[in-house]
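Following this line, the structure appears as structure tokens:
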């Protein structure tokens, strides 16, 4: 028994020894792995140290041993202007640029460049802050102590708190501000030098500024001349705020909100802005969508804005027409109709035309012009499919309002209902007809369209040509479908347009642009072959087409014989 017990004890000791040995082996393996990992870290750090030493040495060399002057004959004022353009590009770039002043690398080119840069404080007056990454105010800002600053803060809400802390002591020197809504606890300092304010008001309730915040901002900018903002999110309150009478440009966006005030209230508000030159209203809605109501014109102040030159309106058809009842006159009018314009509203297009014509008035007999008139409509059909048309033109002097350039854009989203297409075409024909007296003298036509709608060949293009008897040049920008290839029927319909287009007796220039990333396939064969046939049958008194500008991607896919044939029928063929 003693022997057996002894053997069992020895076996237990052996097992313990084996487990201990295996544990030490595993620990040694882990230690070796840890040593290898640490060695890699050390090697990486050594490489970084070597790299940083090399960079530091290079910088020291450039600073201490800059050549006096590279081969350049630019005078200081010209070179400074080049640098200023570079700074402005860095400042206005949509993406966040690396470093507060990445363009400053130009100071390491030569001593002459460095002296020019350091002697122009304007170069250091552009400050851009974005989120948590921002340049601290340092020597560069002190260099521009005598120069007003242009400050832009990116982001919204909590993401730009550090930016506000950084920029707070600099606001008193700001000439131009591009900012989001400041934090609720932010104390706005006086800004006696601020002339331009672009206020990106978040439309969400969380970040919507309070009335007190808006009042504090406006009262601290006594010299403000340009105000761009979504103040419409405040509702009717904003027109009762202390808007500086020094304003020359006012842009207010009501998109996504209810206007909530009458035209009479708006007229009284605008009557205090005697210096206003540019007025831009977006998101206008008629009374059926909000409490917007048409006041009696007799109760509105006459000549509300005596210096108004540019008037831009964006909203529903009725909302814009209602706004045009204000006693306003402007040299330039830009109207953009949004939301649904159904065929039942076509009768309002004539009203819109008369209202626009009533507003466009030269300020004097020597008014230089040009007058600009834009009318766009966004149509909603079945299944929320969308179709759109843009009309714009530039008119000459005086009350005749001749328009030498007329631009029309048609597009849709895979619309397949023939009856609705016909109604769509009729609606836009009525719109063209409503402005026929203003476009009849147009000499240049720009057409942007989807080629996948054959209805253009039958309805819309004939209406365009019939109301443009003096047309001399046409630019066709073909936007093929982005997701699907144009079918043969659509392409053939597009090609069928050419005889109608070329039928104008005054047409001398034709420009065809394929504005699509998708490689054209059947389009060039059908389109260019039909173009060749149409050109070959043109006879007197129709003049010979002088210039044909065509996308080189289209010409590359047709035969050389077709290209030679086109060249023989046209005085000049330009490949773009």
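In our numbering, the protein residues as written are 8 to 583.
Note that beta-carbon positions come from the ideal geometry of N, C-alpha and C, so glycine has one too.
Just so you know, these numbers come straight off a predicted model, no measurement behind them.
Neighbourhood of residue i by C-beta distance below 8 Å, restricted to the same chain and skipping five residues each side
i           : result
residue 579 : 553, 554, 555
residue 566 : none
residue 85  : none
residue 95  : 133
residue 153 : 128
residue 577 : 542, 551, 552, 553, 554, 555
residue 539 : 569, 572, 573, 576
residue 33  : none
residue 47  : none
Own chain residues within Cβ distance below 6 Å of residue i, not counting five before or after
i           : result
residue 11  : none
residue 426 : At residue 426, the pLDDT of 46 sits below 50, so the modelled position is not reliable; the number obtained from the coordinates is stated separately. There are no such residues.
residue 574 : 580
residue 276 : 246
residue 113 : 120
residue 98  : 133, 135
residue 557 : 519
residue 319 : 287, 341
residue 16  : none
residue 207 : 187
Nearest-angstrom beta carbon gap, residue j and residue i [assumed within contact, 8 Å]
i           : j           : result
residue 184 : residue 201 : 6 Å
residue 204 : residue 233 : 7 Å
residue 542 : residue 569 : So it is not a contact: roughly 11 Å between Cβ atoms.
residue 321 : residue 290 : 7 Å
residue 316 : residue 282 : That belief does not hold up - the Cβ atoms of residue 316 and residue 282 are roughly 12 Å apart, past 8 Å.
residue 284 : residue 253 : Not confirmed; about 12 Å, so no contact.
residue 508 : residue 472 : 7 Å
residue 132 : residue 155 : 7 Å
residue 179 : residue 190 : That pair is no contact at about 18 Å.
residue 249 : residue 228 : The pair is not a contact, with the Cβ atoms about 10 Å apart (cut-off 8 Å).
residue 130 : residue 90  : 6 Å
residue 199 : residue 160 : So it is not a contact: roughly 20 Å between Cβ atoms.
residue 517 : residue 481 : 6 Å
residue 182 : residue 157 : 6 Å
residue 49  : residue 87  : Wrong, their Cβ atoms sit about 48 Å apart, outside the cutoff.
Local Cβ density within 10 Å of residue i, reported as buried at 16 or more and exposed below that
i           : result
residue 125 : exposed
residue 81  : exposed
residue 236 : buried
residue 30  : exposed
residue 280 : buried
residue 572 : buried
residue 19  : exposed
residue 41  : exposed
residue 329 : buried
residue 231 : buried
residue 57  : exposed
Sequence-distant residues of the same chain with beta carbon closer than 7 Å to residue i, five excluded per side
i           : result
residue 193 : 171
residue 223 : 195
residue 260 : 237, 239, 289, 290
residue 54  : none
residue 26  : none
residue 21  : none
residue 313 : 281
### Query
With contact counted as at least three CB pairs below 8 Å, one residue from each stretch, are the stretch 469-483 and the stretch 511-520 in contact?
They touch, by the three-pair rule.
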